[in-house]
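Working notes for the structure below.
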Amino acid sequence: MSLLTARLPFPRPDTSTLVSRVISKTESLLPFTLKKNLLEKALNQAFEQPLEDDEFYFLEGKQLGLEVTDLAIRVVISCEDEQLIVCASDTADAWIKGEARDFLILANREQDPDTLFFQRRLLIEGNTELGLAVKNLLDSVDWDEMPSAMRKGIELASRLPL
């Protein structure tokens, strides 16, 4: 076979890297007010019952940061008048950090929060008492009561090669 007739394999893009880059770039281009409105609506729908039961009392007047490390996404949330709000701040009393896959594993209840934290796949930094309160709340939430659109969205996101 001559060099002219030899076919070199066409390099395939790493889809996990491609999806991660698209998500990171897209998220950084969205205006904060749009992200805030969408995220607040989703969070308040998802946690409607715990909010009504005042289970987020520990977050009143405090800020919790969530960082999806592999996607370079950071969001800070708080609770006011039994509503979760997204803050414009980049500082928080506590941070929960991890990769997208581990947050999705948590949301899908494939593993309990304790396992993810003990394996250091999800990390708490800063006010650990606040971080542990969030972890305990996540452990007590009945995920079957989440809106079906939210559950389906999480299930769909879990299929992405992140």
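Take any residue in the sequence shown, count from 1 to its spot, add 7: that is its number in the numbering used here.
The C-beta atom is built at its ideal place from N, Cα and C for all residues, glycine as well.
- Apart from sequence neighbours up to five positions away, the residues of its chain that approach PRO120 with a beta-carbon distance below 7 Å are LEU113, LYS142, LEU145, ASP146, ordered along the chain.
- Going by DSSP, GLU162 is part of the alpha helix (DSSP H) stretching over 155-166.
- A straight-line Cα-Cα distance of about 11 Å links LEU137 and ALA99.
- Minimum Cα-Cα distance from ARG127 among the listed residues ARG116, ASP109, GLY160 corresponds to ASP109.
- Bridge partners of GLY105 according to DSSP: VAL75, LEU129.
- Across the set PRO154, GLY133, PRO168, VAL26, the C-alpha of GLY133 shows the shortest separation from the C-alpha of TRP102.
- Pairing LEU66 with ARG28, the inter-Cα distance amounts to about 32 Å.
- Fewer than three beta-carbon pairs drawn from the region 150-158 and the region 83-91 are found closer than 8 Å, and the two stretches are therefore not classed as touching.
- Annotation: the continuous beta strand (DSSP E) that includes SER85 extends over 80-87.
- Between LEU25 and PHE63, the gap from beta carbon to beta carbon reaches 8 Å or more.
- DSSP places LEU169 outside any alpha helix (DSSP H), giving it a letter other than H or E.
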